[in-house]
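Protein chains in written order, with this note's numbering: chain A, 787 to 1287; chain B, 470 to 568; chain C, 93 to 761.
All C-beta atoms in this analysis are idealised placements derived from N, C-alpha and C, irrespective of residue type, glycine included.
So the structure is just underneath, and the comments pick up after that.
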Amino acid sequence: MINVLLWAPLAFGLVGLFLPRRAAGPWAVLGTLVTLSVAVGMTIGFNQGDSGLQYVESTPWISGLGVDYSLGLDGLNLFLVLLTALLWTGGVAFAAFRDYERPKTFFLLMLVAETATLGSFLAQDLLLFVLFFDFMLVPFYFLFGAWGHDRTAEGGMTASGATLKMIIYTLIGSLLMLVAAIATAIISADGGHITFSIQALQEQGIGLGSQRWIFWFFAAAFLVKMPAFLLHGWMPDAYRAAPLPALAVFSGVLAKVGAYGFLRIVLPLFPEATVEFQEVVLVIALASILYGSVMAFTQTNVRLIAGYSSVAQLGFITAGIFALRADGSDGAVLQMVNHGLVVAPIFIIVAILLERTGTEDIREMGGMALRAPVLAALFLIVALATLAMPGSSNFIGEFYILNGLFQAKIVFAFIAISGVAMSAYYALRLYQGTMHNRKPEGLLSREIGWRDAVVLVPLVLCIVALAFYPQLILKRTNPSVEQTIAKVTKGSAPNGKLAER
Amino acid sequence: MNITWYIVLSSLLFATGVLGILLRRSPMVILLCLELMLNAGNLALVAFSRMVGNEQGQVFAVIVMVIAACEVVVGLGLIVAIFRRRLPLNVDDLRELRG
Amino acid sequence: MSATAWAWLVLLFPLLGSIVIALGYRALPRKAAGMIGTAAIGLAFACGVAALIGLLGEDAEARHHASSLWDYASVAGLDIKLGIYLDQLSIFMVLVVTGVSTLIHLYSYGYMQSDEGYHRFFSYLNFFVFSMLLLVLAGNFVLLIVGWAFVGFASYALISFWYRRETATRAGLKAFVINVVGDIGLVLAAFLIFRELGSFDYGPVFAKAPEVFSVNEWSVTAICLLLLVGAFAKSAQLPLHTWLPDAMEGPTPVSSLIHAATMVTAGVYLIARTHVLFALAPTAADISAFIGLATLLVAATIALVMTDLKRAIAYSTMSQIGYMVVGVSIGAYGAGMFHLMTHAFFKALLFMAAGSIIAAMANEQNIDRMGGFAKAMRFTSVTMLCGGLALAAFPLTSGFFSKDEILAYAGARGGMYLIFVVLGYFGAFLTAIYTFRLIFRVLQGEPCAEARELIETGHVAHEAPKNPATGELEDTDVGFPGPEHHIAETSAPMRVAMGVLAFLALVGGLVQVPGVDNVISDFLDPAFTGPVLAHVHPSVEWDWIGLAIGGVISLAGIWVAHWLYVANPERPRALEARFQGVHDFLFRKWYFDEAIDFLVVRPALAIGRFANRVFERLVVDGLVTGTEETVRGTSGVIRAVQNGFVRSYALLLIAGFAGLALYFLLSSS
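Below is the structure:
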């Protein structure tokens, strides 16, 4: 079943190459729907008290190096997999209702990207993870580069230039991660049999000296992906160049792979180093929160507002993880799902607005709500979720994160919480700038069409449903999260107030 | 047997060849100087072989001659091709292959 | 049905009303939407009454129940359920909120008739009532925060209801951001509570607090101060009050409901609800009381010079809430809540009357242009007078009894608290003056043009409305009443609503006449049994002395207002000219807006621009372009070697070889 989940998109994509052009879009949507149903089925069948891996698939692959083809679902990646399937369905459906050049190749690339992303979430073998992590980037290189927008007229880069920048940034991190992964396996084997299985590596353990540099090499790769402050230079150009359906899934899911990597690999495998560098990473996370929020304030390009907002949100998620408490990491996992659910609709709405107004600058937009009340209502719900308004699931995610941070390192919590006030400002500014105030001359406001509604409404309904019951996700992710955090805190001297009351 | 003078002659020939390569501009002359250097080497090899007493040096000298012959063929072929295309026969002007 | 079941229904009806109207906005005709909205709140009020009856059937000590529906977020030690807490305090708030809301819905039914956004209005209004009820009924701090934020959102949505008006959207954004600051205070307080007491639910928290905290320990003081941040942001107390005057951009029913009767009282409710914590942190309680006192005075002074009718009433609200805050901070919970109730009556009424007058004036809100409506709009004037009398604490009105009870309590506590008595009465004096300044200006005197037209023809004709602040034409497509106007004289629902409120404003105080009956205090006091202050009660004699003083002050204030604004109309201008500096200071609202702009808004935007222009370009891109330049430079140097000169290659070869040979020669010797 897990193999079907992983390879179905790729299979559909390859078959789609042989279909006529006009069938490419619907066929791809079918493929993503099939993947989604498998994911939903696995979620329903998920045993929620179990903290270990379920739906495990493990066969030796490169036995000389100890690499296995091993996949599994547990509390950490269950909802990320579901999110991936859901967002890809939405993104591909959105793209299918529009005309793209060379559609067969476009949808093949989108589906390959889905497989690669699912693979990095499902992989339980270190080298397999690295492989899928790097492979994720390939289809996006082509998608952004060939179907993207040149921004040279506005003083930006060409699409291929922006993509190249993104690739180089990510690749440097990935290279470091590859070195670190190999080193982990070899050092951990300590002369014995080399294995890359994450479970086995957890049990074997590594000395603190090696842990230090390996931690930073992995952290480099993951921080670039999110992106975190100082390593985010690729983000503005890439976000401006990308085609919107691809950007929706890119921003919604890929950024989370970095955060997930911390939880899956770094915390369990390098616990002592994690504790030692906790504050450094927290500082980086805090800087991301503040910098991302401050940048989002004054941006006028809607893509960049969403992009910098993502930097800030991923900063929150990182802070939640590095509070090194179960509640912080529970919140982080919940927030990964929430943020993905929120950011994809934002980019879909950006696309809808672009079609109506021809611009992505909020200074040139306004007053769209008049003839488009449904669109305005949907956008309002999404905007409120973005600013983590209490009552939304995003609030509970942030609440858990900040509570964890507060109980662990109180000063960081006080600084991080200012990000909440700033997010209120920029999210509402985005909403008001597009929907409220006077409509500039020549702009046509049109209600959302049924095609776009079919894509947008289910996503918004998910946001609303989760708002009523975030426990749905928390209950299933908590056992695995507790297990991961236990690994970090058991070895090192625990913080006095970590004991559950 | 005292081979000093042979070595001196060999080094003089070698030095002449080196100077020729560095100072002359015609590819033909450079090729000739290259030959001069090779033969200087040959001379030294044969002299040393006489000094040491075995035949290894002389064998090596023969091999060098073979190499020289091959190299001359390629070099002359290049020069003829250059000449046929009416390019200037001047190493300073033939510099398109650069970074 | 049990009382808590009725309480859940109280929550359900407004939410349903909101959703039904929102989903059916195309299908439902206007009247239906209005009726559904009003009925929903009416039903909620009925259920509230039923819950009250249920509670009254129990012993006074047992009248508190917690009830929860499902686990909201309960992992990793945090146990947050969707739960409510029903006790005397919450049912009191429920009844005040639903009661006044029903009347305001009725009023809006008529007032908003010609507004294009009618359905949206009622949907939002219902949602607001739902949020306020959620806030009041919440059984744990997280749900309180959820209700708090929903109320803030509803307030934003209704302030910027006419969303094509830039003044309105800006005001909404300002209100929302300040509200979020308050939210942050609450969230931090919740974290601290969890850290010290291990739970978010009211029951366990309030039970454990006296055991865990000693008096004035820093942690409980910190919790209370953070709660105050939230309370003051919501209740528009200093220094987080700057959003309230701007909130008058919203339609008048919104000002009436949200910014007078209900939302702004949420802070008072919060302090009352967490009284156990405040009792353990007297320093924080005192700080709260003093800020309330300061707000009371500052707002009253500003109201004295305000020329915008709605904004003047808004500052009056701020001032009266100052009284309530003082009340609940010094331990006079019953008195504070009583004033909350009476204030809801007369303030909502005042806004409604103001709405009528402003509609007749084609949205002109400057009282300098008004006058003589007493003859033009009889009904509105009478009701406005009722509200004004109650606000000025005219003897035997509701405001009379409620305001003075707070001050009597302060007097009974003695010591430092006598400051509150003195300054409180001074504030009452100012209140009477500014209230009747408004009333005399608007109702008395020469009828202005609109009033004359009303007297002569019975209706007013207006041209297309313009935004008084910016002068741009209002957008009636999206909403904003057109040239028609809806005044109480012509609309029966409006008359009913205002009539009921006028009646309550006049006689509502009779439930708490000292020495005669003590309905409210008797009902509420068991909810406030705490170790510290329960035994401080002013004696009945002192109560009556306080009432007498209050009555005299009120009459004195009305007389001063009359002297200034009716008898000698040129006096105010002369005074203004003489004290120009003071007048400007007050008129500019003590420069709070400017201060906040300077201290907070500008630096934030400047940092944003700095980050955008400088940091991003220099540092971040700089790192990358710097690396790029270095690589280019190095490779440029290396490229120079490959220059195409055969002879240079030969030289390099020979030189290198010679070097090697020399090296080996030397190392072997």
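- Taking Cβ positions only, does T717 (chain C) come closer than 7 Å to chain A? no
- Take A125 (chain C) and list the residues in its own chain whose beta-carbon comes closer than 7 Å to its own, dropping the five residues that flank it on each side. I113, Y210, H211 and F214
- Length of the line joining the Cα atoms of H1018 (chain A) and L1245 (chain A): 28 Å
- State the start and end residues of the unbroken beta strand (DSSP E) segment that holds W162 (chain C). H157 to A165
- Item | Three-way DSSP call (helix, strand, coil) for G175 (chain C) in this model | strand
- Item | Under 7 Å by beta carbon: chain C residues contacting I490 (chain B) | A742
- Query: Are the C-beta atoms of V729 (chain C) and some chain B residue less than 7 Å apart?
  - Reply: no
- Item | alpha helix (DSSP H) runs contained entirely in the segment 1122 to 1191 of chain A, provided each spans 4 or more residues | 1159 to 1172
- Task: Put L491 (chain B) into one of helix, strand or coil per three-state DSSP.
- Result: helix
- Message: Considering just the uninterrupted stretch of the beta strand (DSSP E) at E843 (chain A), what are its terminal residues?
- Response: Q840 to I848
- Tell whether a beta-carbon distance below 7 Å holds between A281 (chain C) and L319 (chain C). yes
- Does any CB atom of chain C fall closer than 7 Å to the CB of N1180 (chain A)? no
- Message: Against chain B, does G751 (chain C) count as a neighbour if the rule is that its beta carbon must be under 7 Å from one of theirs?
- Response: no
- Message: Against chain C, does L566 (chain B) count as a neighbour if the rule is that its beta carbon must be under 7 Å from one of theirs?
- Response: yes
- Does the separation of the CB atoms of A473 (chain C) and A482 (chain C) fall below 7 Å? Residue identity check: residue 473 (chain C) is Ser in the sequence provided, not Ala. It is not a contact, given that the beta carbons lie outside the stated cut-off.
- Using 8 Å as the threshold, is the segment 430 to 437 of chain C in touch with the segment 487 to 506 of chain C, meaning 3 or more CB pairs across them? yes
- Can you tell me whether DSSP reads G423 (chain C) as helix, strand or coil? coil
- Query: Considering only C-alpha positions, which residue in the set C:F532, C:L195 and C:T717 is nearest to Y955 (chain A)?
  - Reply: C:T717
- Message: Can you tell me whether N511 (chain B) is buried or exposed? The criterion is at least 16 other CB atoms within 10 Å of its CB, across all chains shown.
- Response: buried
- Message: Let me confirm a value: G728 (chain C) is counted as buried when at least 16 other C-beta atoms fall within 10 Å, else exposed. Which label applies?
- Response: exposed
- Query: For the segment 248 to 262 of chain C, which residues have a beta carbon sitting closer than 7 Å to at least one beta carbon of chain A?
  - Reply: S252, Y255, R256, E258 and T261
- Task: Quick one: which unbroken alpha helix (DSSP H) runs of 4-plus residues sit fully inside the segment 648 to 725 of chain C? Chain order, please.
- Result: 662 to 670, 672 to 679, 684 to 688 and 694 to 702
- Task: Give me the Cα-Cα distance between Q997 (chain A) and L1053 (chain A), rounded to the nearest whole angstrom.
- Result: 11 Å
- Residues in the segment 529 to 561 of chain B having any Cβ partner in chain E nearer than 8 Å: Protein chains A, B and C are contained in the structure displayed, whereas chain E is not.
- Query: DSSP three-state call for D275 (chain C): helix, strand or coil?
  - Reply: helix
- Query: Would you call the CB atoms of A158 (chain C) and Y177 (chain C) closer than 7 Å?
  - Reply: yes
- What separation, rounded to the nearest whole angstrom, lies between the Cα atoms of S946 (chain A) and H1125 (chain A)? 28 Å
- Contact with chain C by Q1218 (chain A), beta-carbon distance below 7 Å: yes
- Query: Would a C-beta distance cut-off of 7 Å place L330 (chain C) and A395 (chain C) closer than the cut-off?
  - Reply: no
- Task: Taking only beta-carbon positions, decide if I1203 (chain A) is within less than 7 Å of chain C.
- Result: yes
- Message: Quick check: what's the CA-CA separation for G993 (chain A) versus V965 (chain A)?
- Response: 17 Å
- Message: Less than 7 Å between CB atoms is the rule here; does N704 (chain C) satisfy it with respect to chain B?
- Response: no
- Under 7 Å, do A589 (chain C) and Y199 (chain C) count as touching if we go by C-beta distance? yes
- Chain-ordered neighbours of G736 (chain C) on chain B, where CB pairs are closer than 9 Å: L563, R564, E565, L566, R567 and G568
- Please name the residue, chosen from C:L477, C:G202 and C:G503, that lies closest to G419 (chain C) on a Cα-to-Cα basis. C:G503
- Query: Just by C-beta distance, which residues in the segment 1082 to 1116 of chain A are closer than 9 Å to chain C?
  - Reply: A1082, F1083, T1084, Q1085, R1111, A1112, D1113, G1114, S1115 and D1116
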